[in-house]
Amino acid sequence: RQAFEERLNTIYPLLAEVPGFEVVKPQGAFYLFPNVKKAMEMKGYTDVTDFTTVILEEAEVALVTGAGFGAPENVRLSYATDLDTLKEAVKRLKVFMGSEND
């Protein structure tokens, strides 16, 4: 439990820095569920599935669409992995969104 808290407390503010990602700190599970409507608009997408597919192909970060959870403008990101992997994922998302260089 302490490891998950540490991951959440580290990754939550970093993910909130990704342009267009609106993140609410979760109270339970080990998923972040940011709204990415603005991010999709910034990149010219209207469909979250297309958006997550391009992120997977270009940034090599796997996000699950929120469509199956009744939230088609959200994506799900698990923080049930090590901190280095999580930090790298956020860095790649920032590069994808154009706010950080490779």
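Going by the UniProt record's numbering, the sequence shown wraps up at 102, each residue one higher than the last.
Here a beta-carbon is modelled for each residue, glycine too, at the ideal position from N, C-alpha and C.
### Residue nearest to Val90 in terms of C-alpha spacing, selected from Glu5, Thr65, Tyr12 and Val64
Closest in C-alpha terms to Val90, from the list Glu5, Thr65, Tyr12 and Val64, comes Tyr12.
### Task
My understanding is that Arg76 touches Phe33, with C-beta atoms under 8 Å, so please give their C-beta distance in whole angstroms.
Beta-carbon to beta-carbon, Arg76 and Phe33 are separated by about 5 Å, close enough to satisfy the 8 Å threshold.
#### Entry: Simplified DSSP state of Leu93, which is helix, strand or coil
Taken through DSSP and simplified to helix, strand or coil, Leu93 comes out as helix.
### Query
Cα-Cα, which of Tyr31, Glu57, Val64 and Thr52 is closest to Ala39?
Of the candidates Tyr31, Glu57, Val64 and Thr52, the one whose C-alpha sits nearest the C-alpha of Ala39 is Thr52.
### Euclidean distance between Cα positions of Met97 and Arg1
So the two alpha carbons sit approximately 32 Å from each other.
### Spatial distance of Lys37 from Phe21 (CA atoms)
Distance between the alpha carbons of Lys37 and Phe21 is about 8 Å.
### Buried versus exposed call for Gly68 [16 or more other C-beta atoms within 10 Å across all chains shown]
With fewer than 16 other Cβ atoms within 10 Å, it is exposed.
### Task
Apply the 10 Å Cβ neighbour rule to residue 105 and answer buried if 16 or more other Cβ atoms are within range, or exposed otherwise.
Only positions 1 to 102 of the chain appear in this structure, which leaves residue 105 out of reach.
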